[in-house]
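A.B. asks: Can you read through this structure? Questions will come right after.
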Amino acid sequence: NIFRSVNIALVNELKVLTQKMGIDIWEVIEAASTKPFGYTPFYPGPGLGGHCIPIDP
């Protein structure tokens, strides 16, 4: 759960940063997807939440 949570938060922060820099986050994600192995895409969205968050370590 922590891996997923950190990556969702990271991609949302990167979206804010790239918007301020005038960079299209979707182009960045598309460019990253050309990596030949080990790529797990995460997409900007509504963020993280749910009923399990308080009980996860």
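When we follow the working numbering, the leftmost residue of the sequence shown carries the number 4, and every step to the right adds one.
The beta-carbon is built from N, C-alpha and C at its ideal position, and this holds for glycine as well.
In angstroms, rounded to a whole number, what distance separates the CA positions of K18 and Y42?
C.D. replies: As a position in the sequence shown, residue 18 is number 15, starting the count at 1. As a position in the sequence shown, residue 42 is number 39, starting the count at 1. Going by the C-alpha atoms only, they are around 18 Å apart.
A.B. asks: Ignore the nearest five residues each way along the sequence and tell me which others in V2's own chain have a CB closer than 7 Å to its CB.
C.D. replies: Outside the modelled stretch of the chain, which goes from 4 to 60, sits residue 2, for which no answer is possible.
A.B. asks: Could you check how far apart the C-beta atoms of G50 and I11 are, in whole angstroms? I think they sit under 8 Å.
C.D. replies: Here residue 50 is taken as the residue at index 47 of the sequence shown, counted from 1. Here residue 11 is taken as the residue at index 8 of the sequence shown, counted from 1. Going by Cβ atoms, the distance from G50 to I11 rounds to 7 Å, so yes, they are a contact pair.
A.B. asks: Can you check whether the CB of T21 is closer than 8 Å to the CB of I28?
C.D. replies: For the purposes of this step, residue 28 is identified with residue 25 of the sequence shown, where counting begins at 1. For the purposes of this step, residue 21 is identified with residue 18 of the sequence shown, where counting begins at 1. In this structure, T21 lies closer than 8 Å to I28 by Cβ.
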